[in-house]
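J.: Take a look at this one; I'll ask things after.
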Amino acid sequence: MKIVVLVKYVPEPTATWKFAPDLTVDRAGVEGRLSELDEYAVEQATRLAESGAADEVVFLTVGPAKATEGLRKALAIGGTSAVHVVDDAIHGSCALGTSLVLAKALEKIGYDLVLTGMASTDAELSVVPSMVADRLGANQATFAGELSVEGSTVSIRRDTDVASERVSVSLPAVVSVTDQTGEARYPAFKAIMGAKKKPIQTMSLADLGVDAAQVGWSGASNKVVDVSPTPARTAGTIVNDDGTGAAQLADFLAGRGFI
Amino acid sequence: MSEVLVLAETTAAGVRKPTLELLTAARALGEPAAVVFGDASDQVVAQLAEYGATKVYIVSAPEMQEFLSLPKAEAVVQIAQASNPVAILVTSGPEGKDVAARVAVRLNAGIIPDATKVSVDGDTVSAVQTVFAGRFQATSQVLRGPAVVTMRPNATSAEAAPASAGVESVDVSVSDGAKGAKVDSREPKVSTGRPELTDAAMVVAGGRGVGSEEGFGVIEKTADALGAAVGASRTVTDQHWAPHELQVGQTGKTVAPSLYLAAGISGAIQHRAGMQSSKTIVVVNKDAKAPLFQIADFGVVGDLHTVLPALVDEVAKRKG
């Protein structure tokens, strides 16, 4: 079984995030990292390789030149090689455009199972995995909290607001995993050094046969017209509990009609 | 006026509250038409009409329940191609996201996930999203319709506006390709008798400060005294002091209740992303430096194991 894991290089969550003048995320001016939520997918792929279920694990990213750092982090955890799709024309793509580029790259790389995180930690849309599956004509199972592979069948558990579901899908399939699947290992120094020797292949839109007009600004199906900071919440009354804390809290709650 | 498709979610108890919120939001865009998957009882149709649905499409093909997401996406595409709606509104959630994403690809239409507001100007639909872990509000315009918008529960309030709804049964022939993800079992969540976390007007949530599974009991008692839902931080669910479904935050639920009472939660950015839209935030923590105090409307620096039981007594006293 060949697994391709989709990974994203995102701004460091604790950094000061900014928007570029074109209202896209300013990725150049901020420190980045492999999206934390993608590490769970990297970990699952690595475990499947260790158990012998997978014989090849490839990491795939779409992003600017710096996104290579995210691939190196993934390669330090596991995997055999990586593919980096980088092309200036991709800048400004909406989810539809991104999913098209990913699907074309996956067709070129070849796959049995595509693993992804449940969301990126920047856009947090959670729609790209389903879009990629649709474009590939592959099966899908998203938000898996548990995952196992038996032959050509992937079984997952996922929790919705109203039920806990067990679902089986046959390969080829796209599966997104949540943090419930298990913490990613912390790569040892030796693995970090070893990752530098694993091959990363670069591809452009032309390599994938994607018409630049279908992606980026020209292909976008929506446009961000305004971004503004969420109004800062100001701290209210803070009291030290001298024995009357609960009574003061009850007064506050009653005053707002909560009691 | 154009139709606005609203994908309804129902349980044995009737129409879910997030669907009523979608209908309320849909009325500002056009004529709300609800899509129900499975059998729709008269009660369900009446409830949808009460919140403004002028039409109810019923898709009762058994495949809607037997397989994940895809049969629903095919049904929605079929309905949309016939009725040419201005927008398709879906509740954010695992299945809603799947269906919305597939529909957007097939209609080559713009999608805005996790919107908190939606509006229309002429034929152009815009929606507001909270992005970057809640730090920014982004407004996007959909350039190619119909606009596919998934909306966060609790972002808008549900208001009744009775209409009379015509019912239309929709025959869908589900393709073989849509039958790839088979639902082997579906276990409905056991009702605790408490309000559902994402629907609740009040939430009492506990964090690391509860100390243990037994310690979490004080959170439940406080919630019950107030009539609130119970929430938890990731530390609590990772330690199995409370079930995962109660987790509030980036990898759990996003809530926006009128009151969010956080006890023993320091307030990591991932937790704040899930609750900072709450209207009133109350924090109880013995660490005065806990970052969550910075966004609290009212805070008590003290031990939650003393403050909360005393609060339960105060509430009982005041409720008489």
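Read top to bottom, the protein sequences are chains A and B. Residues 1062 to 1320, numbered by the working numbering, are exactly what the first sequence covers, in order. Residues 67 to 386, numbered by the working numbering, are exactly what the second sequence covers, in order. Idealized CB from N, CA, C, for every residue including glycine. Note that the structure is predicted; figures quoted are calculated from it, not measured.
1. Hey, could you find the ends of the beta strand (DSSP E) B:K352 is sitting in?
2. Is it buried or exposed for A:H1145, if we count other Cβ within 10 angstroms and need 16 for buried?
3. List the residues of chain A that B:F202 touches, going by C-beta distances under 9 Å, in chain order.
4. Once DSSP output is grouped into helix, strand and coil, what is the label at A:R1219?
5. Which parts of the stretch 105-143 of chain B are runs of the beta strand (DSSP E), unbroken and 3 residues or longer, counting only runs that do not cross its ends?
6. Using the Cα positions of B:V240 and B:R168, report the straight-line distance between them to the nearest angstrom.
7. Against chain B, which members of the stretch 1144-1173 of chain A pass a CB distance test of less than 8 Å?
8. Under the assumption that A:L1232 contacts A:D1173 (Cβ atoms under 8 Å), give the Cβ distance between them as a whole number of angstroms.
9. Against chain A, which members of the stretch 250-283 of chain B pass a CB distance test of less than 8 Å?
10. Looking at the structure shown, is B:I285 part of a helix, part of a strand, or coil, going by DSSP?
11. Tell me whether the beta-carbon of B:K164 lies closer than 7 Å to the beta-carbon of A:T1214.
12. From what residue to what residue does the beta strand (DSSP E) around B:P219 run?
13. Measuring CA to CA, which of B:T320, B:E280, B:G176 and B:A92 is closest to B:R60?
14. Hey, quick one: how far does the alpha helix (DSSP H) through A:D1267 stretch, first residue to last?
15. For A:S1289, does the three-state DSSP call read helix, strand or coil?
16. Which parts of the stretch 1117-1197 of chain A are runs of the alpha helix (DSSP H), unbroken and 4 residues or longer, counting only runs that do not cross its ends?
17. Quick one: what's got a C-beta closer than 7 Å to B:V366's C-beta in the same chain, skipping five residues either side?
18. Identify the contact partners of B:Q360 in chain A, using a Cβ-Cβ distance below 7 Å as the criterion.
19. Let me check understanding here. Comparing Cα to Cα, which of B:A99, B:R93 and B:A94 lies closest to B:V236?
20. Tell me whether the beta-carbon of B:A294 lies closer than 7 Å to the beta-carbon of B:V269.
21. I'd like the span of the beta strand (DSSP E) that includes A:I1253, first residue to last.
22. State the start and end residues of the unbroken alpha helix (DSSP H) segment that holds A:S1279.
23. In chain order, what residues of the same chain have a beta carbon less than 6 Å from the beta carbon of A:A1081, not counting five sequence neighbours either side?
24. Anyone know if the C-beta pair for A:V1236 and A:L1176 falls short of 7 Å?
25. To which residues of the same chain is A:A1274 closer than 8 Å at the C-beta, ignoring the five residues directly before and after it?
26. Mind checking which residues open and close the alpha helix (DSSP H) that includes B:P375?
27. So, is the C-beta of B:A167 closer than 7 Å to a C-beta in chain A?
28. Less than 7 Å between the beta carbons of A:E1104 and A:A1245, yes or no?
29. Strictly by DSSP, which residues pair up with B:A204?
30. Would you mind telling me which residues of chain B sit closer than 7 Å to A:F1319, beta carbon to beta carbon, in chain order?
31. Using a Cβ distance threshold of 8 Å, determine whether the stretch 293-311 of chain B contacts the stretch 267-281 of chain B, with at least three qualifying pairs required.
32. What are the uninterrupted segments assigned as alpha helix (DSSP H) that are 4 or more residues long and contained completely in the stretch 70-111 of chain B, given in chain order?
33. Does the distance from the CB of A:V1288 to the CB of B:A339 come in under 7 Å?
34. Check the Cβ of A:A1281 against every Cβ in chain B and list those closer than 7 Å, keeping chain order.
35. Should A:T1242 be flagged as near chain B, meaning a C-beta pair shorter than 7 Å?
36. Interface residues of chain A around B:I177 at Cβ under 9 Å?
T.: For this structure:
1. Within the second sequence, the letter at position 286 stands for residue 352 of chain B. Here B:K352 belongs to no beta strand (DSSP E), and DSSP marks it neither H nor E.
2. Sequence index remark: in the first sequence, residue 1145 of chain A carries index 84 (1-based). Buried, by the Cβ-count rule.
3. Looking up residue 202 of chain B in the second sequence gives position 136. Correct list: W1078, F1080, V1288, S1289, P1290 and T1291.
4. Locating residue 1219 of chain A in the first sequence gives position 158, where the first residue counts as 1. Strand.
5. 121-125
6. In the second sequence, counting from the first residue as 1, residue 240 of chain B sits at position 174. In the second sequence, counting from the first residue as 1, residue 168 of chain B sits at position 102. Distance between the alpha carbons of B:V240 and B:R168: 14 Å.
7. C1155, A1156, L1157 and S1160
8. Against the first sequence, residue 1232 of chain A aligns to sequence position 171. Against the first sequence, residue 1173 of chain A aligns to sequence position 112. About 5 Å separates the two Cβ atoms, so the contact holds.
9. D250, S251, R252, E253, P254, K255, E262, T264 and M268
10. The count along the second sequence starts at 1 and reaches residue 285 of chain B at position 219. Helix, per DSSP.
11. Mapped onto the second sequence, residue 164 of chain B falls at position 98. Mapped onto the first sequence, residue 1214 of chain A falls at position 153. Lys is not the amino acid found at residue 164 of chain B; the sequence shown has Asp there. Contact: no.
12. Here residue 219 of chain B refers to the residue found at position 153 of the second sequence. First-last for B:P219: undefined, no H or E at that position.
13. In this structure chain B extends from 67 to 386, so residue 60 of chain B is not present and cannot be described.
14. Position 206 of the first sequence, counted from the start, is the residue given in the question as residue 1267 of chain A. Strictly speaking, residue 1267 of chain A in this sequence is Ala, with Asp absent from that position. It spans L1266 to L1269 - the alpha helix (DSSP H) in which A:A1267 sits, taken as one unbroken run.
15. On the first sequence, residue 1289 of chain A is found 228 positions in, with the first residue counted as 1. Strand at A:S1289.
16. 1129-1138, 1156-1170 and 1189-1197
17. Stepping through the second sequence from its first residue, residue 366 of chain B is reached at position 300. Hits under 7 Å: V350 and V373.
18. As a first step, residue 360 of chain B is located in the second sequence; it is residue number 294 there, counting from the start. Near B:Q360 (Cβ distances below 7 Å), the residues of chain A are A1296.
19. Locating residue 236 of chain B in the second sequence gives position 170, counting from the first residue. Checking every option, the nearest Cα to that of B:V236 belongs to B:A99.
20. The count along the second sequence starts at 1 and reaches residue 294 of chain B at position 228. The count along the second sequence starts at 1 and reaches residue 269 of chain B at position 203. Yes. Within cutoff.
21. Taking the first residue of the first sequence as position 1, residue 1253 of chain A is located at position 192. Element bounds for A:I1253: not the beta strand (DSSP E) but the alpha helix (DSSP H), F1250 to A1256.
22. Position 218 of the first sequence holds residue 1279 of chain A. Per DSSP, A:S1279 belongs to the alpha helix (DSSP H) from G1277 to G1280.
23. Here the question's residue 1081 of chain A lines up with position 20 in the first sequence. Contacts found: D1087.
24. Against the first sequence, residue 1236 of chain A aligns to sequence position 175. Against the first sequence, residue 1176 of chain A aligns to sequence position 115. The answer is yes: Cβ separation under 7 Å.
25. Looking up residue 1274 of chain A in the first sequence gives position 213. Once the five neighbours on either side are set aside, the close Cβ partners of A:A1274 are G1280.
26. Residue 375 of chain B sits at position 309 when you count from the first residue of the second sequence. From DSSP, the alpha helix (DSSP H) with B:P375 extends over L370 to K385.
27. What you label residue 167 of chain B is simply residue 101 of the second sequence in a count that begins at 1. So yes, B:A167 belongs to the interface.
28. Numbered from 1 along the first sequence, position 43 holds the residue referred to as residue 1104 of chain A. Numbered from 1 along the first sequence, position 184 holds the residue referred to as residue 1245 of chain A. A contact, by the Cβ cut-off of 7 Å.
29. Residue 204 of chain B sits at position 138 when you count from the first residue of the second sequence. Looking at the DSSP assignment, B:A204 forms a beta bridge with A:V1288 and B:Q195.
30. On the first sequence, position 258 is the one that residue 1319 of chain A refers to. Correct list: M268, L292 and L325.
31. yes
32. 83-92
33. In the first sequence, residue 1288 of chain A corresponds to position 227, counting from 1. In the second sequence, residue 339 of chain B corresponds to position 273, counting from 1. The answer is no: Cβ separation not under 7 Å.
34. Position 220 of the first sequence holds residue 1281 of chain A. Chain B residues near A:A1281: L209.
35. The residue given as residue 1242 of chain A occupies position 181 in the first sequence. It does not; no Cβ of chain B falls within 7 Å.
36. Reading the second sequence from its first residue, position 111 is the one you call residue 177 of chain B. Those within 9 Å of B:I177 in chain A are C1155, A1156, L1157, L1186, V1188, M1192, S1282 and N1283.
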